[in-house]
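Enquirer: Quick one: structure below, then a few questions.
Number of protein chains: 2
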Amino acid sequence: MMPIAHFKKIYICLRIKEDAMPKTILIVGTLNTKEEEGHFLRRQIQKFGHSAVLMDVSMRRCSPHLESGDISNVDVARAAGTTIEAVESLERKPALEKMAEGAIKIAKRLYEEGRLDGVLGYGGSTGESIAVMVQKSLPLGLPKVLITTSLELASGSVEHKDIAIFPSITDMTGRINKINAVALAQAAAAISGMVEARPELPPEKPIVVASQYGNTTPHIERAKQILEERGYEFISFHAVGTGGKTLEELVRSGLVAGVLDVTTHELIDWLFGGFSNAGPHRMEAAGEMGVPQVLVPGCLDMIQFWAKETVPEKFRGREFYFHNPNSTLVRATKEESAEVGKLFAQKVNKARGPTLVAIPLKGWSICDTEGGLKTYYYDGTPTGRYWYNREADDAFVKAFEQHLDWTKENVDVIKAELHINDPKFAELTANALDDMIKGKWKKGKRYL
Amino acid sequence: MMPIAHFKKIYICLRIKEDAMPKTILIVGTLNTKEEEGHFLRRQIQKFGHSAVLMDVSMRRCSPHLESGDISNVDVARAAGTTIEAVESLERKPALEKMAEGAIKIAKRLYEEGRLDGVLGYGGSTGESIAVMVQKSLPLGLPKVLITTSLELASGSVEHKDIAIFPSITDMTGRINKINAVALAQAAAAISGMVEARPELPPEKPIVVASQYGNTTPHIERAKQILEERGYEFISFHAVGTGGKTLEELVRSGLVAGVLDVTTHELIDWLFGGFSNAGPHRMEAAGEMGVPQVLVPGCLDMIQFWAKETVPEKFRGREFYFHNPNSTLVRATKEESAEVGKLFAQKVNKARGPTLVAIPLKGWSICDTEGGLKTYYYDGTPTGRYWYNREADDAFVKAFEQHLDWTKENVDVIKAELHINDPKFAELTANALDDMIKGKWKKGKRYL
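Protein chains in written order, with my numbering: chain A, 3 to 450; chain B, 3 to 450.
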């Protein structure tokens, strides 16, 4: 059972392309320590009839390898507005960031000129970090392969992006051995196939994306039903950090017709250290791209942690709901709500497309409902208070209204004396979004 | 920047293969909930001129999808010696294991008959788990792609295996949308390329694999030098769990001429709950395959944990060496050493090929050396005792000798009054292994 037997059958592959242009794959690696691997990958891609451009992102000017890539590390440093000598004198982190900056500029330029059809990155920690940064800077759908010595590290840095990860099996030390020859050749073959992929796309329907929690599911279900009936493709994301990031990424890719952002929870976790954190740019993509959006303060009543033990010390004196052993909710206070309200307004103020903020005054989650759940102390004893806290929610509304730029013609606000999961409220958001996408929405139109 | 523009160029690919046989790719998924995805993947592979066999591993008999795969879940259950009705009545875990058992049998049979050139798995948790088990059962080097809804979960189950991981971006819910159409098509294209990979293999040299720790590096460096001079390709693995597993995997793949197992540390971590754990089958592959091996009790003087806080309560009264903030070593006791000695002998007794156990009586790691390091209590105060503990090491030797089957002609033991990192001891292990590979070794030959 010699696995290399798989590669013993020789054949010729003749490709006749309508456009007669070979595809171009960019290879990103550090040639100072991993030159042989780079050349090996390039030859493997060329066997498939594609061209490969080898970019050296080494942080050191290291003869005899100097300028051995098609794009040398001298070129990469120059693209970042510096020199390789200057990069060499930096600490590891800023040096890495400089090289990534240059590599991203070059890759984006190639892409915009139509000379980039895929990116193959390889490396240990340095090469891999830079390659992933380059890949993340390019649009969703462009083929991306990463060859890594550590699957665990790579899956962390790749996050939610469309990057395929190939383990190198043995370390990459500047030498091709019988083991990594097979692994590297397969990765090169994979991206050579990927640049030729021709997906049958499903019937053309405008896509609506939504953000969801168990706590907002009734709203999403009703809105989905309405929007699917009207001919939309409805894709929902679990707003636990990666979900929100993927939603924003899709919006930025230009594939999305409208955003039903019912579960903007990730904003509060970002502000106060909860675990469902989608970074500082959540709730910005649709606004920047001018994509129609309906925004709701869904689940902004809670800061979320995993197991009870993961709740930071500073929150332990607060009011809790222990949803399950892996989900611990902290009730947001008046002060926190006000801070989120301000942030919410600041993000809305930057929006360039149709934007409706719909506020359900009777509660923002299944937890946050009149006469519903009671809260607990960290030790599990009841506090005697309810989770629903209109005063806290109102503090959000007040701060939001205070910081909102009311003069913007593309932004409107509707406050409804309804709970977020009331079917009437879901009908409001779905109808408004449908109108926005169809160009029938304008500021001042009520949906109640 | 519509990413789908990448796929708009149409071309014809005409493949003329010397053997005129299409490659066959097995697709593994659960068709009860993800049928459309399976058919989509099959069609995408067919576009590349390969054939695709769709295997349904659903744990439920679920019309109208029943028997819709090329290999139905009824067939898979049957291959496991049961029926789909019986599987349906089981709990999730045993049901999953039964389906995996059947799927593995079918995949192995196809592979042995030369009718399997790659495996493409896809799924959420169930489909993915079964697909990974099938992929793990097949040899290194056979192309393997996994499409997953969770990179984090997948990278855990894939472990150290040569499985490429593709994120599905959106969930797989039995429907193809514009987003996952691109992701799935790329994964299918990738494996279609991979089955065509033709690596240039480096010049034919016999491969020697070794196990290494910082604590045994001087030994490895000297042995490597000797063995490379004699024309071997030398590949070393960091014995932190994945390293040992990969070493064993390579040995099982049949690609390895000899094993220099100088750092068998993972045995003690497996026995006592340390973090460098390579599972119960460490130090067995070479013995089973009859591959020449030199075995050394390297780093069996220590149980390893990561940060100090990760040391379980029961070890906290023991003697420590705090190597760095992420490496905490616990000194093995006499009793533990004796237990490892017994296990070591039991593994050696099963060996079928040339096996030399070389024991350096003057210490098993850089820590374990006369007049060297001192140990500390958990709170950081010195114990006043040294790490080197001949009494503990001797307890290993005694238990090992007591449980060894001394009648085996293929097994020998050399005890040397040397430290593991003494160049003379490295010369001993390297020379013996070289002899073994060349057929010049026999029981009783001394290397001192």
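Ideal Cβ placement from N, Cα and C applies to all residues, glycine included.
(1) Got a sec? Which residues, its chain only, sit under 6 angstroms from H457/A by beta carbon, not counting five neighbours each side?
(2) Which residues in chain A sit within 7 angstroms of T248/B, going by Cβ to Cβ distance?
(3) So F307/A contacts chain B; which residues on that side make the cut at Cβ distance below 9 angstroms?
(4) Shortest alpha-carbon distance to T335/B belongs to which of F317/B, H325/B, R94/B and D77/B?
(5) Check whether the Cβ atoms of V359/B and V350/B lie closer than 8 angstroms to each other.
(6) Whose CA, out of G292/A, V313/A and F322/A, lies closest to the CA of D303/A?
(7) Enumerated in chain order, which unbroken segments of the beta strand (DSSP E) with a length of 3 residues or greater are wholly contained in the segment 252 to 277 of chain A?
(8) Considering only C-alpha positions, which residue in the set P327/A, E290/A and R80/A is nearest to Q348/A?
(9) Taking only the alpha-carbon atoms, compute the straight-line gap between K352/B and G292/B and give it to the nearest angstrom.
(10) Please list, in chain order, all residues of the same chain as A187/A whose beta carbon is under 7 angstroms from its beta carbon, the five residues on each side excluded.
(11) Taking beta-carbon pairs under 7 angstroms, can you tell me which members of the segment 149 to 165 of chain A lie near chain B?
(12) Note down the Cα distance separating E38/A from G120/A, rounded to an integer number of angstroms.
(13) Buried or exposed: where does K444/B fall if 16 or more other Cβ atoms within 10 Å of its Cβ makes it buried?
(14) Would you say P201/B reaches chain A, if we count a Cβ-Cβ gap shorter than 8 angstroms as a contact?
(15) Less than 8 angstroms between the CB atoms is what I'm expecting for A105/A and L118/A, so what's the real figure, rounded?
(16) Could you check whether the segment 136 to 146 of chain A touches the segment 174 to 184 of chain A, counting it as contact only if at least three pairs of C-beta atoms, one from each stretch, sit closer than 8 angstroms?
(17) Okay, do the segment 54 to 65 of chain A and the segment 74 to 88 of chain A touch, 3+ Cβ pairs below 8 angstroms being the bar?
(18) Could you tell me which whole beta strand (DSSP E) segments of length 3 or greater appear in the segment 210 to 259 of chain A?
(19) Under 7 angstroms, CB to CB, which of the residues in the segment 118 to 149 of chain B have a partner in chain A?
(20) Contact between the segment 226 to 234 of chain A and the segment 156 to 169 of chain B: three or more CB pairs below 8 angstroms?
(21) Quick one, are the C-beta atoms of L375/B and C369/B less than 8 angstroms apart?
(22) Any C-beta of chain A within less than 8 angstroms: which residues of the segment 43 to 55 of chain B qualify?
(23) My output table needs one value for M285/A: the three-state DSSP class, helix, strand or coil.
(24) Rank M438/B, Q306/B and G125/B by C-alpha distance to the C-alpha of A280/B and give the top, closest one.
(25) Taking 7 angstroms as the line, does the beta carbon of T385/B fall inside it for any heavy atom of the ligand MN?
(26) Quick one: does L252/A have its CB under 8 angstroms from some CB of chain B?
(27) Which two residues bound the contiguous beta strand (DSSP E) that contains V89/B?
(28) Suppose you measure from the CA of P425/B to the CA of E223/B; what does that come to, to the nearest Å?
(29) Inspect the beta-carbon positions of A133/B and I167/A and report whether they are closer than 8 angstroms.
(30) Just reading off the beta strand (DSSP E) that T26/A is part of, what are its end residues?
(31) So, using beta-carbon positions, are L430/B and I416/B closer together than 8 angstroms?
(32) From T195/B to H52/B, what distance separates their C-alpha atoms?
(33) Residues of the segment 179 to 197 of chain A in Cβ contact with chain E at a cutoff of 8 angstroms, in chain order, please.
(34) Rank A102/B, G245/B, P314/B and R254/B by C-alpha distance to the C-alpha of L269/B and give the top, closest one.
(35) If the cut-off is 7 angstroms on Cβ atoms, which residues from the segment 218 to 251 of chain B count as contacting chain A, listed in chain order?
(36) Is D395/B buried or exposed, if buried means 16 or more other CB atoms sit within 10 Å of its CB?
Expert: Reading it off the structure:
(1) This structure cannot settle anything about residue 457/A, because the visible part of chain A is limited to 3 through 450.
(2) I171
(3) By Cβ distance, chain B contributes nothing, its closest Cβ being about 18 angstroms from F307/A, past 9 angstroms.
(4) It is F317/B.
(5) Yes.
(6) F322/A
(7) 260 to 263
(8) E290/A
(9) Distance from the CA atom of K352/B to the CA atom of G292/B, rounded to whole angstroms, is 10 angstroms.
(10) Excluding sequence neighbours, A187/A sits near Q46.
(11) L153, E154, S157, V160 and D164
(12) Our two residues, E38/A and G120/A, have alpha carbons roughly 21 angstroms apart in a direct line.
(13) exposed
(14) yes
(15) The Cβ separation is near 12 angstroms, so there is no contact.
(16) Contact fails: fewer than three Cβ-Cβ distances are below 8 angstroms.
(17) yes
(18) 235 to 240
(19) So the list reads D119, P141, L142, G143, L144 and P145, given in the order they occur along the chain.
(20) no
(21) Annotated as proximal: L375/B and C369/B, with beta-carbon spacing under 8 angstroms.
(22) R45, Q46, K49 and F50
(23) coil
(24) Of M438/B, Q306/B and G125/B, the residue nearest in Cα terms is Q306/B.
(25) This structure does not include the ligand MN; it has no bound ligands of any sort.
(26) yes
(27) Element bounds for V89/B: not the beta strand (DSSP E) but the alpha helix (DSSP H), I86 to E90.
(28) 9 angstroms
(29) no
(30) From DSSP, the beta strand (DSSP E) with T26/A extends over T26 to G31.
(31) Yes. Within cutoff.
(32) The sequence given here has Gly at residue 195/B, not Thr. Roughly 10 angstroms between the two C-alpha positions.
(33) Going by chain labels, chain E is absent from the structure shown, which instead holds the protein chains A and B.
(34) G245/B
(35) E235, I237 and T248
(36) buried
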